[in-house]
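Below: the structure, in structure tokens.
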């Protein structure tokens, strides 16, 4: 990114991080509460909550693993030098 566009690029990255974080929390919460049954309300069993937690957290962990794998394979082979 050219030096004159560094502020815009930084703002764009920050915006995408905020949106991604909000969507991640919303989707994980929906998966967790969608897996609970109405019978598991305030007096629900511990096993039901743990099962819902496992179901909900599988997807973010899986997505993180795929992203880490993609970053490992898609990183640049060499860093370009700065031209004076």
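Numbering (this note's numbering), first residue to last: 26 to 109.
C-beta: ideal position from N, C-alpha, C; glycine also.
All figures in this text were calculated on a predicted structure; none of them were measured in a lab.
Q. Given 8 Å as the limit, is there contact between the region 75 to 86 and the region 45 to 54, that is, 3 or more CB pairs closer than that?
A. Enough Cβ pairs lie closer than 8 Å, so yes.
Q: Run the CB neighbour count on residue 35, radius 10 Å, all protein chains shown included, and call it buried at 16 or more, exposed below.
A: Label assigned to residue 35: exposed.
Q.
The alpha helix (DSSP H) that contains residue 85, what's its start and end?
A. 71 to 99
Q. Roughly how many angstroms lie between the CA atoms of residue 57 and residue 92, to the nearest whole one?
A. 22 Å
(Q) Which residue wins for smallest C-alpha separation from residue 89, given the options 74, 60, 75, 45? (A) Distance check between residue 89 and each of 74, 60, 75, 45 places 45 closest, using alpha-carbon atoms only.
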